[in-house]
Amino acid sequence: MYLCNLNHTTMKICVFCSANQQIDPEFFTKTEELGTWIGKNGHSIVYGGVNQGLMECVAKAVKEAGGRTIGVVPMIVENTGCTSDYVDIEIPCDNLTDRKQLMMDQADVFIALPGGLGTLDEIFTVVASATIGYHGKTVILYNMKGFWNELIALLDDLQAKGMIRGTWREYIKTADSIKEISSIIGTD
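Counting from 0, one number per residue, gives the positions in the sequence shown under numbering that gives the first Met the number 0.
Shown next, in the form of structure tokens:
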């Protein structure tokens, strides 16, 4: 397993996050800061392409800071008119399983912001694929306001009970700030 030492000039950073609006406003502030950092550093995001919640927030910030957005959009989202206007490149897909595979294929590294069931599904699909050798890409839990603390505790508990081969921290990194994210992916 290699740590994403991606010292080339541009990266495709996949962002997993909530499409809900009724969440802590500070999550939007921190997501906007991340999107601005991504865009100003010339990186692109790969994301779900939805025009709601943190997804829309990060895409808008990336675009306004000069970055590029790649939306992987299931047909059901397209049909409901919920595709973001901030998508530069749209990759259509049939369903969520296809979406996850396309995101894994496109991205160099993954950052998980606060999110729900869909975000958890995306995180663990990527990590499970890495554990059996399909790729060597890292997932970073951006632990805004301790959002991922309970998940981290659960992973530590599973590790202690022998349910995880190796260590989960080989595949999942945690970061409390953009500076830590930058250090993990090798852009600082």
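Ideal placement from N, C-alpha and C gives every residue a C-beta, glycine not left out.
task = Could you check if H134 is buried or exposed, using at least 16 other CB atoms within 10 Å of its CB as the buried criterion?
result = exposed
Legend entry - Test item: CB-CB of V108 and I37 under 8 angstroms: no
Beta-carbon proximity list for M74, same chain, < 7 angstroms, skipping 5 on both sides: P91 and D93
* So, is T82 buried or exposed, given that buried needs 16 or more other C-beta atoms within 10 angstroms? -> buried
Other residues of its chain near A64: CB distance less than 6 angstroms, five sequence neighbours each side excluded = T35, G38 and K39
Near G115, which residues of its chain fall below 8 angstroms by C-beta distance, leaving aside the five closest residues on each side in sequence? S17 and N19
Checklist line | Endpoints, alpha helix (DSSP H) assigned at S43 | finding: No alpha helix (DSSP H) contains S43, which is instead part of the beta strand (DSSP E) from S43 to Y46.
Measure from the alpha carbon of K29 to the alpha carbon of each residue in M162, K160, D84 and I110, then state which is nearest. I110
Next on the checklist: Quick check on G70: does DSSP put it in helix, strand or coil?
Outcome noted: strand
task: Evaluate A159 with the Cβ neighbour count: other Cβ atoms within 10 Å of its Cβ, from every protein chain shown; 16 or more gives buried, anything less gives exposed.
output: exposed
Around the Cβ of S182, are there at least 16 other Cβ atoms within 10 angstroms (buried) or fewer (exposed)? exposed
**Message:** Judging by CA-CA distance, which residue of D175, V57 and I69 is the nearest neighbour of G145?
**Reply:** D175
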